[in-house]
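Chains A and B supply the protein sequences, listed in that same order.
Just so we're aligned, residue 107 is where the first sequence starts under the working numbering, counting upward by one.
Just so we're aligned, residue 348 is where the second sequence starts under the working numbering, counting upward by one.
Backbone N, C-alpha and C define an ideal beta-carbon position, used for all residues, glycine too.
Structure, as structure tokens:
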Amino acid sequence: MPPAEDESAALTVGADHDSNDAARKHLDEVFSLAYEELRRLAASVRRSDASASVSATTLVNEAWVRLAATPAVAHTSPLHFRRIAARAMRQVLVDLARRRHAVKRGGPDAVFVTLDHDIVADTGAELLSLDGALETLAALSPRQAQMIECRFFGGLDVAETAEVLAVSEATVLRDWRAARAWLAAELQASR
Amino acid sequence: MTRDGEPDVAGGPAARERWSRLQQAFHETLTVSADARDASISAHAQGDALFAAQLHAMLAADAGPDTLIDRGLAVAARDVMSDDAGTLPALRQVGPWRLLRLIGQGGMASVYLAERADLGSTAAVKLLHHAWLSPARRERFSAEQRTLARLNHPCIAHLYDAGSADDGTPWIAMEYVEGESLTAYANRASLTIAARLQCMRLVCEAVQHAHANLVVHRDLKPSNVLVTAAGQVKLLDFGIAKQLELATDDAARTRTGMQLMTPAYAAPEQLRGELTGIYTDVYALGVILYELLTGQLPFDLAGRSAASAEALVSAGTAERPSVVARREGRERGLGATAWAELDVICQTAMHSDRARRYRTVDALLRDLDHFSRSEPLQARPDSTVYRASRFARRHRTPLLASAAALMLLVALSTVYTLRVRDARDTAVTEAARAQQIQRFTLSLFDGTEDSGEPGDSLRAVTLIERGVREAATLGREPVVQAELFQTLGGTFQKLGRLERADSLLQQSLRARRAIGSRHPDVARSLVALGLLRVEQARLPEGEQLVREGLALATATRPAGHRDIATATSALGRVLEERAAYADAITVMREALRLHVALDPRSVDVAAAATQLGNDYFYAGEYAAADSQFAFSLDVARGLYGDRHPLVADALINRGAVQFQRGEYVAAERLDRDGMAIVERVYGPDDPRTASALTMLGRALVAQSRFDEAVPLVQRALTIRERVYGPVSPKVASTLNELGTMALRQKHFDAADSCFARNIEIYRAVYKGPHNLLGTAMSNRASVASARGDNVAAERQLREALVVFAQTLPPEHLDIGIVRVKLGRSLLRQRRFAEGERESAAGLKILLAQTSPATSFVTNARADLAIMYDSLGESAKAAAVRGR
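What follows is the structure, given as structure tokens:
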């Protein structure tokens, strides 16, 4: 089974209990939420507010509490919801990086671009590389790709990741180390 | 599924197996000492150079420098979001607007100065950041556009245009305001305190306009209030404004979504992520005022975490503006007493307990005005607002209580305004009077606290009774006393306490006559008392009083004066109640003309148009009625936006026209819209709510939805019996609906008793013929007819016709209907010749209507056909059938 199918199922969880509209609305909510979460994180780093960036998924947790009563989410566990949010965060972030890249490179009329090219270019390009490498990893080992998504994009800790993926914590630590090393090597190579 | 020899595609079994080996090698190599690593790598690679290289790279990366993954998500987010404009597509033109330069940037959007080549005009064009990423932001951006569209005020930057760019980025074009922030302007221009307060006044008016349109700004701060070079104040940025009726899930949204407001001006409840409302804006206005007065913010939130900021603001212990001003040498020539009053205004607006703030921006405005005119404030430390709010909170019916208190305040301030407008030559006396009335209002709330009495004693009526006692002691000020008696009487009348209203209005009249029997104020008292008589269903007395008042006003006031217009409207009202609709129409057309001449878009115009519409309606001229109601709706919306009692009235009236035309679904929709407004404004136990309930019930009944209708109308009956007593036309009209429902459900006894009681009520009230009496008789006949008692039906219908003959023009629809019904009751008694006369006459009347009542037309034709057949007139029968 291609891993992508698993992912899309995760994103539309609860949709089978609902009309398409409700599922669509739910997806909209998750993506809006991911976007706001990323903004909040970005702002916390800018302010050097360490406590805020440690709890990387404050908004997601709050949203879960709020959405738990809705039909679209009623059958989803809090952890699973965070897993869905992690996926949305990845997509939003990568989309941001891609657009930014396009504006920087492609826009001959990019009159409004007044930013620090160096830092931004690095992270944006790295994000796109990471996204590509994650796709490759997903083909090799879906579980490890999901693990990166959970931990990096979703802010899940080791125990939570183990629970979501239904493996032991030792397995998470072991898989994580190998996957991280491989991804890091890929990112280095793509520079 | 992979066959041998298939290339090693990514994700194929071979690739997976290779990844598995690579990880195995990685983990094993990690366990060996550094100098044994190369050997381990070679052993695992087994001559596969690529494998060896990959393993090597992984091991290096494992020990190597931080990557994106290690730096963390927050850093990545910061980097790709570091500059919002940077991620904007390279737009140079949106719609007709050419973007010139960036003039501002916020979390949500960037604002550009733009120009329209074809018109040469400029605008501020706002582009939404990251529009493609967040549906919630797109929704909010379009909410801002809708908000701006409904606001139209000289002190609010208004909307020109909106749309989406080619790439989907939504944009809004607004009035471009070039100016500096309110505080910067005030400081640069070294404004006096009076000038600062005048600026504040304009800001309050703009915010009040937004509130009247059910929009809460939620991000008020000096940088959102610009002052142009010409000194014009403009309120900007409704980006996080909220529309009040959408407030349902807003608490959650405010918290999780978007803490976008500016903490320095945010109310404690906003910092806590709780529900926001008018009180939130009142708070922010308080902070702005504080800053304008002192040059400083009340709280220093710099470097504080959200939690500690919230704690500080909630504690609400800002230094008093007077203290700061004294320390900073910014007293600007104002004395200690004046500064103490400014302290009170700031503290009241900025109270950390929102129930103790000014309830409305209007209230804040009034106190700013009081201050400017050196009058006593409405806010006192620990008095009015506090007590009024305690009062409201302690009881289960907060709306009723506070609405009554508010009504009184509004009534009194109206008195004040009217008086000043009317009597410029006695301005000095008037100012003294106004001040007394203010003090008086304040005194109403004194001593209400902790008396240990049962809750009921604190109800609104008690407050007003206390007012009456206070007013009684003002014997040395008879003019003020009479004014107060009329105001208090009017308040009682609005609360449905007609007897108390009666005694107060009489006292007012007596007091004024004692001053001078030909004074215009006497006319006002006469008219007020006359209208009360009308409400008490004592029509002849009412008419006499109103006519007397109108005559006196006409004699003592210049032509076209407001008092004359008001008295003319009152006369129209009396004539309407007397069912003299043709006369009422003539009078009300004059009243409407007078009001329009005074102010073409005023509340009086809306009310007069409604009244005229009612008269047309009762006269059966539905098209004319509907056009008056539509005019009234338009004026009311222009004045108050979509959610005002006058708007509700107009909606319900238009519903009544639709109902009369048989458009029941349309009627129901209009009634529901009106009902929602009325119940929200007046609460569940108010007579006006009862009216709206009745109208809606009727539209449901007409659609045979009895189960929905009956409880609504029962509720209306209970309210009205309590308010008006059991013998009142208003109770009767409710009984009429209940009777109609019972009849439709074939509950004949219940229906009969409703209509019988109605006949009694109308006889007792009108003491003579009245078309409503005829209607009740006709309806009772329908019950008899449905039971098969055609003799009783005939008798009752003939009684009804006698009444109608005395009260309605001969071609009136109701007469047509009664004659058709009479024809049928005669047919059923096999009295064909008599029946034919009635049905034919009835049908003729029905067909003359612009919109004939179809079921009666059908019935009449069917009945006529049978009767012609029975009379042997087959040609006529065929003619009736053939049509």
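#1: For A:Leu271 and A:Met253, what's the separation of their Cα atoms in angstroms?
#2: Do B:Phe832 and B:Ser855 have their C-beta atoms within less than 8 Å of each other?
#3: Going by beta carbon distance, what residues of the same chain come within less than 6 Å of B:Leu878, once the five residues before and after it are set aside?
#4: Quick check: the Cα distance between B:Glu688 and B:Met547, rounded to an integer number of angstroms?
#5: Does any CB atom of chain A fall closer than 8 Å to the CB of B:Arg619?
#6: Which class does A:Pro184 belong to by DSSP, given the choice of helix, strand or coil?
#7: Specify, as a first and last residue, the run of the beta strand (DSSP E) that B:Met428 falls within.
#8: Using a Cβ-Cβ cutoff of 9 Å, what residues of the segment 272-283 of chain A are near chain B? List them in chain order.
#9: Going along chain B, which residues have a C-beta under 7 Å from A:Asp201?
#10: Relative to the C-alpha of B:Ala900, which residue among B:Ala1139, B:Gln1176, B:Arg445, B:Arg865 is closest?
#11: What is the DSSP secondary structure of B:Arg439, counted as helix, strand or coil?
#12: Using a Cβ cut-off of 7 Å, pull out every chain A residue sitting near B:Val422, in sequence order please.
#13: Taking C-beta to C-beta, are B:Val562 and B:Thr494 nearer than 8 Å?
#14: Along the beta strand (DSSP E) that carries B:Val458, what are the first and last residues, could you check?
#15: State yes or no: is the beta carbon of B:Trp444 nearer than 8 Å to at least one beta carbon in chain A?
#16: Which residue comes first and which comes last in the alpha helix (DSSP H) that contains B:Glu527?
#17: Take B:Leu1119 as the anchor and find which of B:Val554, B:Lys473, B:Ala1089, B:Asp1161 has the nearest alpha-carbon.
#18: Please list, in chain order, the residues of the segment 258-272 of chain A that have any C-beta partner in chain B closer than 8 Å.
#19: Skipping 5 residues on each side, what residues in its chain have a beta carbon closer than 8 Å to that of B:Leu945?
#20: For the ligand SAH, is there any heavy atom lying closer than 7 Å to the beta carbon of B:Thr530?
#21: How big is the Cα-Cα spacing for B:Glu657 and B:Gly526?
#22: Any beta-carbon of chain A closer than 8 Å to the one on B:Trp518?
#23: Along the chain, which unbroken stretches of the alpha helix (DSSP H) at least 4 residues long are found entirely within the segment 1085-1126 of chain B?
#24: Less than 6 Å between C-beta atoms, sequence neighbours within five positions excluded: which residues of the same chain meet that for B:Ser699?
#25: Bridge partners for B:Trp444 per DSSP, in chain order?
#26: Given that A:Gln252 touches chain B, what residues does it touch there, using C-beta distances under 9 Å?
#27: Does the count of Cβ pairs from the segment 551-562 of chain B and the segment 621-637 of chain B closer than 8 Å reach three?
#28: Helix, strand or coil: which one does DSSP assign to B:Tyr507?
#29: On the DSSP bridge assignment, give the partners of B:Gln452 in chain order.
#30: Contact defined as beta carbons within less than 8 Å: I believe B:Met405 pairs with B:Ala470. What is the distance between those atoms, to the nearest angstrom?
#31: Out of B:Val893, B:Arg720, B:Glu830, state which residue places its alpha-carbon closest to the alpha-carbon of B:Ile862.
#32: How big is the Cα-Cα spacing for B:Pro638 and B:His505?
#33: Can you pull the chain B residues whose beta carbon is under 8 Å from the beta carbon of A:Ala291, in chain order?
#34: Under 6 Å Cβ to Cβ from B:Val458, same chain only, skipping five residues before and after it: list those, please.
#35: So with CB distances below 9 Å, who are the chain A contacts of B:Arg384?
#36: Under the three-state reduction of DSSP, which class applies to B:Ala739: helix, strand or coil?
In brief:
#1: 8 Å
#2: yes
#3: Excluding residues up to 5 positions away in sequence, Ala917 lie with their Cβ nearer than 6 Å to the Cβ of B:Leu878 in the same chain.
#4: 16 Å
#5: Chain A, which has no Cβ nearer than 8 Å to the Cβ of B:Arg619, makes this no.
#6: helix
#7: Unbroken run through B:Met428: none, as it is neither H nor E.
#8: Arg280, Asp281, Arg283
#9: Leu480
#10: B:Arg865
#11: Coil.
#12: Val151
#13: yes
#14: 456-463
#15: Not one chain A Cβ lies under 8 Å of B:Trp444.
#16: Run containing B:Glu527: none in the alpha helix (DSSP H); it sits in the beta strand (DSSP E), 526-528.
#17: B:Asp1161
#18: Phe258, Phe259, Gly261
#19: Here B:Leu945 has Gly907, Arg909, Ala912, Asp951 as same chain residues with Cβ atoms under 8 Å from its own Cβ, once five neighbours each way along the sequence are excluded.
#20: For the structure depicted, the ligand SAH is absent and the ligand set is empty, with no information on it obtainable.
#21: 32 Å
#22: no
#23: 1095-1113
#24: Pro615, Ser661, Gly663
#25: B:Val441, B:Arg463
#26: Simply none; closest approach about 15 Å.
#27: yes
#28: strand
#29: B:Ser457
#30: Your pair B:Met405 and B:Ala470 does not check out as a contact, with CB atoms roughly 57 Å apart and the cut at 8 Å.
#31: B:Glu830
#32: According to the sequence displayed, residue 638 of chain B carries Glu and not Pro. B:Glu638 and B:His505: Cα-Cα distance of roughly 26 Å.
#33: Gln401, Ala404, Met405, Ala407, Ala408
#34: Ile450, Gly451, Ala471, Lys473
#35: Simply none; closest approach about 14 Å.
#36: Confidence in B:Ala739 is poor, its pLDDT being 31 and thus under 50, which makes the residue's placement too unreliable to answer from.
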